[in-house]
Structures are given as C-alpha cells and as structure tokens.
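Per the working numbering, the sequence shown starts with residue 858, numbered consecutively.
The beta-carbon is built from N, C-alpha and C at its ideal position, and this holds for glycine as well.
It should be emphasised that the depicted structure is a prediction, and the values quoted were computed from it without experimental measurement.
A short write-up of the structure that comes next.
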Amino acid sequence: MATQDSVTGLVEPLLAGNRRALARAISQVEDEAADSHALLAALYPHTGRSHIVGVTGAPGTGKSTLVNALARAFRGEGKTVGIIAVDPTSPFSGGALLGDRVRMRDLAGDPGVFIRSMATRGSLGGLARATGDALSVLDAAGFDRILVETVGVGQAEIDIAAAAHTTVVVEAPGLGDEVQAIKAGVLEIADVFAVNKADRDGADHTMMALQMMQGLAPATQGHHRPASGHGHAEPGAQGDGSWLPPIVKTVAVRGEGVAQLAGWIERHREYLAATGQLSRREEARAANTLDHILRDRLLAELTQRLPDGYLRQVAGEIARREHDPYSVVDRILSAYGCP
Ligand SMILES: Nc1nc2c(ncn2[C@@H]2O[C@H](COP(=O)(O)OP(=O)(O)OP(=O)(O)O)[C@@H](O)[C@H]2O)c(=O)[nH]1
Ligand SMILES: [Mg+2]
858 MATQDSVTGL VEPLLAGNRR ALARAISQVE DEAADSHALL AALYPHTGRS
908 HIVGVTGAPG TGKSTLVNAL ARAFRGEGKT VGIIAVDPTS PFSGGALLGD
958 RVRMRDLAGD PGVFIRSMAT RGSLGGLARA TGDALSVLDA AGFDRILVET
1008 VGVGQAEIDI AAAAHTTVVV EAPGLGDEVQ AIKAGVLEIA DVFAVNKADR
1058 DGADHTMMAL QMMQGLAPAT QGHHRPASGH GHAEPGAQGD GSWLPPIVKT
1108 VAVRGEGVAQ LAGWIERHRE YLAATGQLSR REEARAANTL DHILRDRLLA
1158 ELTQRLPDGY LRQVAGEIAR REHDPYSVVD RILSAYGCP
C-alpha cells in the first residue's frame, strides 16, 4: 500500500536521525496530510522521552534570544535540542522566521539542534493541535530537550503551555505597568520566571513585582505561595511537596543568568520525576489530547451525515426564535447521531 510505504519510508530514517525525514514528517503533521495519522501512530511508541520546556511571555521580552541561549547551554551539556517557535500572528511557517533565522544562525549548522516555526493556518485550536503533533515528532526523533516559544498569554498559549513539562514565563522591565505585564493566568502556568533584559533599568522593580505577586496570590494546585510577610521561602521544591517558582534574572544577549535558568529547568524536571507529577502531567496531557481529537472527530462525522446547508438552516430558525439551541441539538443527535 502506498500509504504504508510513505509512512515506513519516513519513520525509519527519522528514528535514525535523518533531518530531511524529520522536516518532512513535521510538515505532514502540520498539514494533517493523508498519512499523518498513520505516521503519528508509528512514531508514538518512540515518544515520551523528551523534556518539553515552554517559553512564553509578552512580545519583545527576549524569548527567542533566551531560547537560543538556553539551547546553547543544553548543547554545552551534550544534550540535543529541538526548538519550535509558535507564532499565532504569522501566516508563514516552515523553517525559522526571518528574525529568528538571524538570531539562531550560530545554532543552524549544529546537527544536535533542530529549529522549526509553526504559524496559524486558520484556527488557534488548529495551531495547538499542530504544535502538539510536531512535539511528538521531535520527541520520537530523540531530542533530549524541546523548547517551545509562544508569544503572549492567550488561550492558545495556555493550551500549548499545558503540553509542556516545564513552563518558563519571560518578563522584562520597561513594559510600562508591571501588573499589566504580569497578566493573570501567568502565575498559574509559570514553573520558572525569567526577568530578562536585566541590564536595563527597572529589572529590580520587575523582580519585586513578581515576588510580591507570588506572596499575595492565593495558593494554587501544585504551587506553593508563602503568605505575605512570612519571610523568604527558598524557591524550588518545598517541604510539603509543592514547588515555588524561582525568579531568575537574565541578560539573554550576553548569556548572563542562562546557566542558572537552565539549572532551574533541570531541577524542576527532577522535582516532577521525584514527586510523581511527571506521570500525572503526562496523563493530563493525554486526556487533553484525547478530548480534542474526539471532539474534532465526532463533530466531523456528524457534520458529514447532515444534509447540505442543514446547520445554516437551523441556525436561522434559532436566530428567529423558532427553536432554542438545546432542542435543536437534541433533534440533530436523535435524527443523525448515535442511536
Ligand atoms: N538589552 C537587552 N536586550 C535584549 C535582551 N534579550 C533580548 N534583547 C533584545 O530584545 C529584542 C527582542 O528580542 P527577541 O528575542 O526577538 O524577543 P521575543 O520575545 O522573541 O520577541 P517576539 O518573538 O517578537 O515576541 C531584540 O532586539 C533583542 O536583541 C537582553 O537581555 N538585554
Ligand atoms: Mg521571538
């Protein structure tokens, strides 16, 4: 069968470290090409070994520069590194974006590094799906660490952060209102904070703003928040089994603080493994993926069975208040859905 051949034709070289096969496999899953599900099925048994690090933060905080520097730090320890730059604002994909290409030129010739950009083609949900599948491909290809750069902290970024084992939130001074910059939602997803551009005025202010927010924020699942005024808890693994996210100052352009940041990522990884949270995160990830695939598939199957224009017609009826949406869904399911 042609399908089988094109899948096995990619799987073996990919597992053997062939970069062209890797690039093609990522394109296939990104495009959801005809063979992509068979490809992912063949690769899946080889996944589950990479440590996935999400790097997120506001535009221009220095995420790409930091990812570049982190990759060099990991390479210095002999680890291989995959990099995915997710850009929800760009319609371009495949290969690195121009700016990143310039910054990452020093990594480009290194066979232990693979860089790829992903962009939206249609929905943000589709981007999260494509990114998750690209992660599986890089994981199967055997990269020790995978760094995923995402901009901002919208729902898509939170979805992508949910796919990471360790999430680094990058802040930088001079973004105006600190509280505005340190958006709600960030405290919940951050495992490590990087205050980048520490060579600029205001870095200490950003550090303090973060420390204060850590002290003031209510305790959240898995994260330890010392009550304000209770002195300084040491960051990292706590006696009660929780994790207090460390705050690391970095100057990504000069590589300063990057070794410390890489060290905290490794410590977080060890913490996840030692506390059993790694397998819990893996299960949560699997449940999330399953949920998405099931939804997409069920909706697609059902839509296929409906007569042409049916959904638009009933939407009109709902809009004219002839029916309510719940009754319409009941009717659709009993007529076209499961018995
Ligand atoms: N002064 C200073 N500039 C930095 C530092 N890190 C990065 N920059 C500069 O900040 C600018 C933005 O850096 P990027 O790495 O592109 O930031 P980014 O967060 O990836 O940007 P987007 O992907 O566009 O959101 C570049 O001009 C960098 O050279 C730093 O530590 N100090
Ligand atoms: Mg960037």
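Three CB pairs or more closer than 8 Å across the segment 923 to 930 and the segment 1111 to 1121 = yes
Buried or exposed: where does residue 1062 fall if 16 or more other Cβ atoms within 10 Å of its Cβ makes it buried?
-> Residue mapping note: residue 1062 aligns to position 205 of the sequence shown, counting from 1. Residue 1062 comes out exposed.
In terms of residue numbering, what span does the beta strand (DSSP E) encompassing residue 944 cover?
-> One-based indexing of the sequence shown puts residue 944 at position 87. It spans 938 to 944 - the beta strand (DSSP E) in which residue 944 sits, taken as one unbroken run.
Start and end of the beta strand (DSSP E) containing residue 1051?
-> What you label residue 1051 is simply residue 194 of the sequence shown in a count that begins at 1. From DSSP, the beta strand (DSSP E) with residue 1051 extends over 1049 to 1052.
Residue 1132 - DSSP class collapsed to helix/strand/coil = The count along the sequence shown starts at 1 and reaches residue 1132 at position 275. Helix, per DSSP.
Do you know how far the Cα of residue 915 is from the Cα of residue 1108?
-> By 1-based counting over the sequence shown, the position of residue 1108 is 251. By 1-based counting over the sequence shown, the position of residue 915 is 58. C-alpha separation (whole angstroms): 16 Å.
When you compare each of 879, 885, 923 to residue 1050 by their alpha carbons, which one comes out closest?
-> For the purposes of this step, residue 1050 is taken as residue 193 along the sequence shown, with counting starting at 1. Ranking 879, 885, 923 by Cα distance to residue 1050 puts 923 first.
Residues near residue 1188 by beta carbon distance below 6 Å, same chain, minus five either side | Taking the sequence shown and counting its residues from 1, one reaches residue 1188 at position 331. Result list for residue 1188: empty, nothing under 6 Å.
Whether residue 969 touches residue 932 by CB criterion (8 Å) | For the purposes of this step, residue 969 is taken as residue 112 along the sequence shown, with counting starting at 1. For the purposes of this step, residue 932 is taken as residue 75 along the sequence shown, with counting starting at 1. The answer is yes: Cβ separation under 8 Å.
Between the segment 879 to 891 and the segment 901 to 908, do at least 3 Cβ pairs fall closer than 8 Å?
-> no
Does the Cβ of residue 866 lie closer than 7 Å to at least one heavy atom of ligand 3?
-> Among the ligands present in this structure, namely ligand 1 and ligand 2, ligand 3 is not found.
Taking buried to mean at least 16 other C-beta atoms within 10 Å of its own C-beta, is residue 1127 buried or exposed?
-> Walking along the sequence shown from the start, residue 1127 turns up at place 270. By the neighbour-count rule (16 or more Cβ atoms within 10 Å), residue 1127 is not buried but exposed.
Taking all protein chains shown into account, decide if residue 1170 is buried (16 or more other Cβ within 10 angstroms of its Cβ) or exposed.
-> Residue numbering aside, residue 1170 sits at position 313 when the sequence shown is read from its first letter. Residue 1170 comes out exposed.
Beta-carbon separation of residue 972 and residue 964 under 8 Å?
-> If you number the sequence shown from 1, residue 972 lands on position 115. If you number the sequence shown from 1, residue 964 lands on position 107. Going by C-beta atoms, residue 972 is nearer than 8 Å to residue 964.
Could you give the distance in angstroms between the alpha-carbon of residue 920 and the alpha-carbon of residue 1008?
-> Along the sequence shown, one-based indexing puts residue 920 at 63. Along the sequence shown, one-based indexing puts residue 1008 at 151. Cα to Cα, residue 920 sits roughly 8 Å from residue 1008.
Would you kindly check if the distance between the Cβ of residue 1005 and the Cβ of residue 1028 is under 8 Å?
-> Taking the first residue of the sequence shown as 1, we reach residue 1028 at position 171. Taking the first residue of the sequence shown as 1, we reach residue 1005 at position 148. Cβ atoms of residue 1028 and residue 1005: not closer than 8 Å.
With C-beta atoms as the reference, is residue 1137 less than 8 Å away from residue 1022?
-> Here residue 1137 is taken as the residue at index 280 of the sequence shown, counted from 1. Here residue 1022 is taken as the residue at index 165 of the sequence shown, counted from 1. Not closer than 8 Å, so no.
How many Å lie between residue 967 and residue 872 at the Cα?
-> Start at 1 with the first residue of the sequence shown, and residue 967 comes out as number 110. Start at 1 with the first residue of the sequence shown, and residue 872 comes out as number 15. Straight-line Cα distance between these residues: approximately 18 Å.
Residues bridged to residue 908 (per DSSP) | Residue mapping note: residue 908 aligns to position 51 of the sequence shown, counting from 1. Residue 908 pairs with 1002.
Locate the alpha helix (DSSP H) running through residue 1191, then write down its first and last residues.
-> On the sequence shown, position 334 is the one that residue 1191 refers to. Segment 1182 to 1193, the alpha helix (DSSP H) holding residue 1191.
Would you grab the beta carbon distance between residue 944 and residue 974 for me? Rounded to a whole angstrom, and I think it's under 8 Å.
-> Position 87 of the sequence shown, counting from 1, holds the residue named residue 944. Position 117 of the sequence shown, counting from 1, holds the residue named residue 974. Rounded, the Cβ-Cβ distance is 6 Å, consistent with contact.
Can residue 1059 and residue 1031 be called in contact, C-beta distance under 8 Å?
-> If you number the sequence shown from 1, residue 1059 lands on position 202. If you number the sequence shown from 1, residue 1031 lands on position 174. Yes; because the gap between Cβ atoms is below 8 Å, this pair is in contact.
Straight-line Cα distance separating residue 1105 from residue 1044 = Numbered from its first residue, the sequence shown carries residue 1044 at position 187. Numbered from its first residue, the sequence shown carries residue 1105 at position 248. Cα to Cα, the separation comes out at about 15 Å.
Run of the beta strand (DSSP E) containing residue 973, from where it starts to where it stops = What you label residue 973 is simply residue 116 of the sequence shown in a count that begins at 1. That run of the beta strand (DSSP E) goes 970 to 976.
Does the beta-carbon of residue 993 have 16 or more other beta-carbons within 10 angstroms, so that it is buried, or is it exposed?
-> On the sequence shown, residue 993 is found 136 positions in, with the first residue counted as 1. Looking at its Cβ environment, which holds 16 or more other Cβ atoms inside 10 Å, residue 993 is buried.
Starting from the Cα of residue 1155, find the closest Cα among 1103, 893, 1190, 987 and give me that residue.
-> Residue mapping note: residue 1155 aligns to position 298 of the sequence shown, counting from 1. Ranking 1103, 893, 1190, 987 by Cα distance to residue 1155 puts 1190 first.
May I ask which residues mark the beginning and end of the beta strand (DSSP E) holding residue 1108?
-> The count along the sequence shown starts at 1 and reaches residue 1108 at position 251. No beta strand (DSSP E) contains residue 1108, which DSSP labels as neither H nor E.
Pick from 1110, 1122, 1111: whose alpha carbon is nearest that of residue 1092?
-> For this step, residue 1092 is matched to residue 235 along the sequence shown. Considering only alpha carbons, the answer is 1122.
CB residue 911 to CB residue 1017, shorter than 8 Å?
-> In the sequence shown, the residue the question calls residue 911 occupies position 54. In the sequence shown, the residue the question calls residue 1017 occupies position 160. Yes. Within cutoff.
Output the distance between the C-alpha atoms of residue 1066 and residue 1072, rounded to the nearest integer angstrom.
-> Here residue 1066 is taken as the residue at index 209 of the sequence shown, counted from 1. Here residue 1072 is taken as the residue at index 215 of the sequence shown, counted from 1. Taking the straight line joining both Cα atoms gives about 10 Å.
The beta strand (DSSP E) with residue 1028 in it runs from where to where?
-> The count along the sequence shown starts at 1 and reaches residue 1028 at position 171. Looking at the DSSP string, the run of the beta strand (DSSP E) that includes residue 1028 is 1023 to 1028.
Look at residue 941 and residue 991 and say whether their C-beta atoms are less than 8 Å apart.
-> For the purposes of this step, residue 941 is taken as residue 84 along the sequence shown, with counting starting at 1. For the purposes of this step, residue 991 is taken as residue 134 along the sequence shown, with counting starting at 1. Yes, they are a contact pair.
Indicate, with yes or no, if ligand 2 has a heavy atom lying under 7 Å from the CB of residue 1006.
-> Within the sequence shown, the letter at position 149 stands for residue 1006. Yes; taking the cut-off as 7 Å, the Cβ of residue 1006 has a heavy atom of ligand 2 nearer than that.
State the DSSP-derived secondary structure class of residue 1093, mapped to helix, strand or coil.
-> Taking the sequence shown and counting its residues from 1, one reaches residue 1093 at position 236. Residue state, collapsed to three classes: strand.
Excluding the five sequence neighbours on either side, which residues of its own chain have a C-beta within less than 7 Å of the C-beta of residue 918, listed in chain order?
-> Here residue 918 refers to the residue found at position 61 of the sequence shown. Answer for residue 918: 1027, 1028, 1029, 1053, listed in chain order.
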